[in-house]
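Q: If you count the sequence shown from 1, you need to add 4 to reach this note's numbering.
All C-beta atoms, glycine included, are put in the ideal place defined by N, C-alpha and C.
Small disclaimer: the values here were computed from a predicted structure and weren't measured.
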Amino acid sequence: LLDSEGVALASSDEGFIGERTLLSQEDWVRLSQDQVVISDLRTTPRFQDGLPHFFIAYPILVDGSFEGAAITVMDCSYFSRMIGQDFSFETGTLTVLDPSGQVAASGNSQLKGSVFELGVENDLGIQWQAIDPAAAPSGSLRFSIGGVKKLGYYSTVAAPGWTVLGAVDLWE
5 LLDSEGVALA SSDEGFIGER TLLSQEDWVR LSQDQVVISD LRTTPRFQDG
55 LPHFFIAYPI LVDGSFEGAA ITVMDCSYFS RMIGQDFSFE TGTLTVLDPS
105 GQVAASGNSQ LKGSVFELGV ENDLGIQWQA IDPAAAPSGS LRFSIGGVKK
155 LGYYSTVAAP GWTVLGAVDL WE
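(1) For Ser110 and Ile75, which I take to be in contact (beta-carbon distance under 8 Å), what is that distance rounded to the nearest angstrom?
(2) Beta-carbon within less than 8 Å of Ser158's beta-carbon, same chain only, minus the 5 sequence neighbours each way: which residues are those?
(3) So within the segment 50–89, which uninterrupted beta strand (DSSP E) runs reach at least 3 residues, ignoring any that extend past its ends?
(4) Would you say the segment 92–99 touches the segment 61–74, given that touching needs at least three Cβ pairs under 8 Å?
(5) Excluding the 5 residues preceding and the 5 following Ala34 in the sequence, name in chain order all residues of the same chain whose CB lies nearer than 7 Å to its CB.
(6) When we look at the beta-carbon of Ala123 and count the other beta-carbons within 10 Å, is it buried (16 or more) or exposed?
(7) For Asn112 and Leu55, I'd like the C-alpha separation in whole angstroms.
(8) What span of residues does the alpha helix (DSSP H) with Asp31 cover, start to end?
(9) Which value, in whole angstroms, describes the spacing of the CA atoms of Ser43 and Trp132?
(10) Taking the beta carbon of Trp175 as the centre, do at least 16 other beta carbons fall within 10 Å, making it buried, or is it exposed?
(11) What do you reckon, are the CB atoms on Phe58 and Arg46 nearer than 8 Å?
(12) Return the CA-CA distance between Gly165 and Ser104, expressed in angstroms with no decimal places.
(13) Using the Cα positions of Asp17 and Val77, report the straight-line distance between them to the nearest angstrom.
(14) Helix, strand or coil, according to DSSP, for Leu45 in the structure here?
(15) For Asp79, I'd like the list of residues in its chain whose CB is within less than 8 Å of its CB, leaving aside the five on either flank, ordered along the chain.
(16) Please tell me whether Leu27 and Ala61 are closer than 8 Å, where the distance is taken between their beta carbons.
Structure below.
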């Protein structure tokens, strides 16, 4: 629980009480305008034992006045469970990406880190960069990973830029 200056008033980790949070000025502006904020994927040693995580911050307004925020820090285990489901296609995988192209979870073992740093014979980053989620919040794309041609369908979800990408090998 944060006050309007970003100082923790209460926390499940007592070590954070009285400290300023990692929210940006832009996040605070959005919260003060009664908007929920969902961060990009990040790694911070003090949060979630250094595992990749993100936060969801909910504004607290009293009689229209911004008083602070409730914040939840989440690791990616939920996504990992979600993408582990069985699919109709033999080569089908799901991947969850944050707005910057960081892989939060993937059923494809070659998709780790950033889609822009996958190495040779991978053009997902190039294809990803060509997408304008505001103009096309969902659609299909063709790309290669490890030299294997893929057909994918993407759809943005709740937060701006967070995306679920389903893909199968093109031959399938």
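A: Let me lay it out:
(1) That pair is no contact at about 26 Å.
(2) Looking at the sequence itself, residue 158 is Tyr, so the reference to Ser does not match. Once the five neighbours on either side are set aside, the close Cβ partners of Tyr158 are Ile135, Ser142, Gly143, Ser144, Leu145, Thr167, Val168, Leu169 and Gly170.
(3) 57–66 and 69–79
(4) no
(5) Sequence inspection shows Arg at residue 34; the Ala mentioned does not correspond to that position. Cβ within range, chain order: Val41.
(6) Note on identity: in this sequence residue 123 is Gly, with Ala being the wrong assignment. Flag for Gly123 reads exposed.
(7) 19 Å
(8) Gln29 to Ser36
(9) 19 Å
(10) exposed
(11) yes
(12) 8 Å
(13) 11 Å
(14) coil
(15) Gln52, Leu55, Pro56 and His57
(16) yes
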